[in-house]
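One structure below.
Number of protein chains: 2
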Amino acid sequence: MKPLTPQELEAKLRAIGAQRYHRLHPFHALLHGGKCTKGQVQAWALNRYYYQAMIPVKDASLIARCEDPALRREWRRRLVDHDGESEGDGGITRWLKLTDGVGLDRDYVVSLAGLLPATRFAVEAYVHFVRDKTLLEAVASSLTELFSPQIISERLEGMLKGYDFVSADTLAYFAKRPPLARRDSDFALDYVKRHAKTPDAQQVVLKALEFKCDVLWAMLDALYHAYVAPKHIPPGAFVPEDGRRSG
Amino acid sequence: MKPLTPQELEAKLRAIGAQRYHRLHPFHALLHGGKCTKGQVQAWALNRYYYQAMIPVKDASLIARCEDPALRREWRRRLVDHDGESEGDGGITRWLKLTDGVGLDRDYVVSLAGLLPATRFAVEAYVHFVRDKTLLEAVASSLTELFSPQIISERLEGMLKGYDFVSADTLAYFAKRPPLARRDSDFALDYVKRHAKTPDAQQVVLKALEFKCDVLWAMLDALYHAYVAPKHIPPGAFVPEDGRRSG
Numbered sequence: 040m041k042p043l044t045p046q047e048l049e050a051k052l053r054a055i056g057a058q059r060y061h062r063l064h065p066f067h068a069l070l071h072g073g074k075c076t077k078g079q080v081q082a083w084a085l086n087r088y089y090y091q092a093m094i095p096v097k098d099a100s101l102i103a104r105c106e107d108p109a110l111r112r113e114w115r116r117r118l119v120d121h122d123g124e125s126e127g128d129g130g131i132t133r134w135l136k137l138t139d140g141v142g143l144d145r146d147y148v149v150s151l152a153g154l155l156p157a158t159r160f161a162v163e164a165y166v167h168f169v170r171d172k173t174l175l176e177a178v179a180s181s182l183t184e185l186f187s188p189q190i191i192s193e194r195l196e197g198m199l200k201g202y203d204f205v206s207a208d209t210l211a212y213f214a215k216r217p218p219l220a221r222r223d224s225d226f227a228l229d230y231v232k233r234h235a236k237t238p239d240a241q242q243v244v245l246k247a248l249e250f251k252c253d254v255l256w257a258m259l260d261a262l263y264h265a266y267v268a269p270k271h272i273p274p275g276a277f278v279p280e281d282g283r284r285s286g
Numbered sequence: 040m041k042p043l044t045p046q047e048l049e050a051k052l053r054a055i056g057a058q059r060y061h062r063l064h065p066f067h068a069l070l071h072g073g074k075c076t077k078g079q080v081q082a083w084a085l086n087r088y089y090y091q092a093m094i095p096v097k098d099a100s101l102i103a104r105c106e107d108p109a110l111r112r113e114w115r116r117r118l119v120d121h122d123g124e125s126e127g128d129g130g131i132t133r134w135l136k137l138t139d140g141v142g143l144d145r146d147y148v149v150s151l152a153g154l155l156p157a158t159r160f161a162v163e164a165y166v167h168f169v170r171d172k173t174l175l176e177a178v179a180s181s182l183t184e185l186f187s188p189q190i191i192s193e194r195l196e197g198m199l200k201g202y203d204f205v206s207a208d209t210l211a212y213f214a215k216r217p218p219l220a221r222r223d224s225d226f227a228l229d230y231v232k233r234h235a236k237t238p239d240a241q242q243v244v245l246k247a248l249e250f251k252c253d254v255l256w257a258m259l260d261a262l263y264h265a266y267v268a269p270k271h272i273p274p275g276a277f278v279p280e281d282g283r284r285s286g
């Protein structure tokens, strides 16, 4: 079996995005099309918060196993982006402005008490993947960022138009992300193209991106099942509007 | 805060089962009521296979962190139950008789190629929980077995009556389980009652059982979403009847 050229590898990675990235998930069609109820938007923001909150943990565990100062420095920017330079700054805080903006209590969001268990399992699978797999696979699993600028522009436009309870201020997270996502994914794509030279290494890179697409997809499947149809909210998870389920 | 008596702790554990054990999940009502299609039964057996296959891995990681030979010996029985004394024996093999019996290709089942990503994430969350939490929590997370004899008898009766493609031979796994589940859960319940003496320890025991109920529940949520309604099968997962999805 011949290795792919770097260009062929990139084409295969982009093909995975075109088929499996969560932009294609039916929940996003509802969310971006202004078709969600406020409770569904809340459930999405609440669950996605856990993903946002764990991103620096996953990035730090990548840095923690990396022997190359240049790669560590590069990856460290991601910690800065999410955790900020000081209290009140950074991507996680901007996500909390979104959960505030859609009417969720911040302490409740941060407590994770209302999280869907499936969200927790999917996010933790991502953290464990980055901690336990090869560095090459860990870098490759970040490549969903290649596809995020498009979904973010659809989301910004669609949510501003579709929901009167959403303002540009509420969506500040998304306005800031695309240039950072482009910088990060350009770097990660270049890294895997330079380091995945054998057919085996190229296969694990492709699998790592599929895995990451599965993580994002599974989070939306769980949201859809709990809050869109058939609305089977698992015991203990966030119940919109009519208050919180007891027990 | 006063600690619970062992009897009070047991009552609280049983109350969690009464509220959150997956016997109450709507998928089981369909499965046991003879209301599933053959493809839905196949999807259930295929996904549950991964849970069965990982049980000895989780049990071995409990034994691996345990300094008490008596507890290790006791827990070792679980390895014997699932892995058997020799090739062709044990619970995992009996589960494969079930997947054979419902018409799935054994190599396909064992390859895990058709698994729902959410199944993988939930099962791995359980394995990681047992590996990373305290020994007391690891033991407590096995306590769903307290509630399994009832669900198994409902399943045996319901599936034999409900599906002409299911025979007693196919369901051999279930016929064997109840006495083993009773022995194991009696031991584990006694263990947590003897070791969880402080309010904090009792809280983590209760949380561990809730966590495990969440794992089982999330597996059925994912099955329901993919194969019952709205039948959004995630990219790459098992597609009943009309063959396997490509890519």
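Heads up: the protein sequence lines correspond to chains H and W, in order. Under this note's numbering, read the first sequence as residues 40 to 286, first letter to last. Under this note's numbering, read the second sequence as residues 40 to 286, first letter to last. Glycine residues also receive a C-beta, built at the ideal position from the N, C-alpha and C atoms.
Contact belief for residue i with residue j at Cβ below 8 Å, rounded distance in angstroms
i, j, result
"isoleucine 94 of chain H", "histidine 64 of chain H", "20 Å between Cβ atoms; not a contact."
"glycine 78 of chain W", "glutamate 249 of chain W", "About 32 Å; that fails the 8 Å criterion."
"lysine 246 of chain W", "tyrosine 165 of chain W", "Lysine 246 of chain W to tyrosine 165 of chain W, Cβ: 14 Å. No contact."
"arginine 59 of chain H", "proline 274 of chain W", "5 Å"
"histidine 234 of chain H", "leucine 175 of chain H", "5 Å"
"proline 217 of chain H", "proline 238 of chain H", "Proline 217 of chain H to proline 238 of chain H, Cβ: 33 Å. No contact."
"valine 178 of chain W", "alanine 227 of chain W", "5 Å"
"phenylalanine 153 of chain W", "glycine 72 of chain W", "The question names phenylalanine, but residue 153 of chain W is glycine in the sequence shown. Not quite, the Cβ-Cβ distance comes to about 25 Å (not below 8 Å), so this is no contact."
DSSP three-state assignment for residue i, whether helix, strand or coil
i, result
"arginine 284 of chain W", "Caution applies to arginine 284 of chain W, whose pLDDT of 39 falls short of 50 and renders its modelled position unreliable; the model cannot decide the point."
"arginine 233 of chain W", "helix"
"proline 274 of chain H", "coil"
"aspartate 122 of chain H", "helix"
"glutamate 106 of chain W", "coil"
"aspartate 98 of chain W", "helix"
"leucine 52 of chain H", "helix"
"histidine 67 of chain W", "helix"
"leucine 43 of chain W", "coil"
"valine 205 of chain W", "coil"
"tyrosine 60 of chain H", "coil"
"aspartate 139 of chain W", "helix"
"alanine 152 of chain H", "coil"
"proline 279 of chain H", "coil"
"aspartate 7 of chain W", "Nothing about residue 7 of chain W can be read from this structure; chain W reaches only from 40 to 286."
"aspartate 223 of chain W", "helix"
"proline 269 of chain H", "coil"
"aspartate 144 of chain W", "coil"
"threonine 228 of chain H", "In the sequence as presented, threonine is not what sits at residue 228 of chain H; that position holds leucine. Here leucine 228 of chain H sits in helix by DSSP."
"leucine 210 of chain W", "coil"
"alanine 82 of chain H", "helix"
Residue i - containing alpha helix (DSSP H), residue span
i, result
"histidine 167 of chain W", "156 to 171"
"cysteine 252 of chain H", "238 to 266"
"lysine 74 of chain H", "Taken as a continuous stretch (DSSP letters only), lysine 74 of chain H belongs to no alpha helix (DSSP H), as it is neither H nor E."
"serine 192 of chain H", "187 to 201"
"glutamate 176 of chain H", "174 to 179"
Top-ranked residue by Cα proximity to residue i, from the options
i, options, result
"valine 254 of chain W", "W:Phe168, W:Arg133, W:Gln81", "W:Phe168"
"glycine 142 of chain W", "W:Leu259, W:Gln81, W:Leu110", "W:Gln81"
"alanine 92 of chain H", "H:Glu113, H:Pro188, H:Val148, H:Met198", "H:Val148"
"leucine 219 of chain W", "W:Trp114, W:Glu163, W:Cys252, W:Asp239", "W:Trp114"
"leucine 52 of chain H", "H:Glu280, H:Val231, H:Ala257", "H:Val231"
"isoleucine 131 of chain W", "W:Glu163, W:Gly197, W:Tyr89, W:Leu151", "W:Tyr89"
"serine 224 of chain W", "W:Leu101, W:Ala103, W:Arg117", "W:Arg117"
"alanine 257 of chain W", "W:Val119, W:Arg87, W:Thr173", "W:Arg87"
"lysine 38 of chain H", "H:Phe213, H:Ala103, H:Ala276, H:Asp144", "This structure leaves residue 38 of chain H out entirely; chain H is present only between 40 and 286."
"lysine 97 of chain W", "W:Cys75, W:Met40, W:Val162, W:Glu49", "W:Val162"
"glycine 123 of chain H", "H:Ile272, H:Lys215, H:Asp146, H:Ala54", "H:Lys215"
"histidine 271 of chain H", "W:Val243, W:Leu259, W:Val278, W:Leu85", "W:Leu259"
"glycine 56 of chain H", "H:Phe277, H:Ile190, H:Ala261", "H:Ile190"
"alanine 268 of chain H", "H:Lys41, H:Ala50, H:Thr76", "H:Thr76"
heavy atom of the ligand ADP below 7 Å from residue i C-beta
i, result
"leucine 155 of chain W", "Although the ligand ADP was asked about, the structure shown includes no ligands whatsoever."
Is the segment 149 to 162 of chain H touching the segment 181 to 198 of chain H, taking contact as three or more C-beta pairs under 8 Å? no
Cβ contact (3+ pairs, closer than 8 Å) linking the segment 130 to 138 of chain W and the segment 199 to 218 of chain W: yes
The segment 94 to 113 of chain H touching the segment 44 to 51 of chain W, judged by at least three CB pairs closer than 8 Å: no
At least three beta-carbon pairs within less than 8 Å, the segment 56 to 72 of chain H to the segment 187 to 199 of chain H: yes
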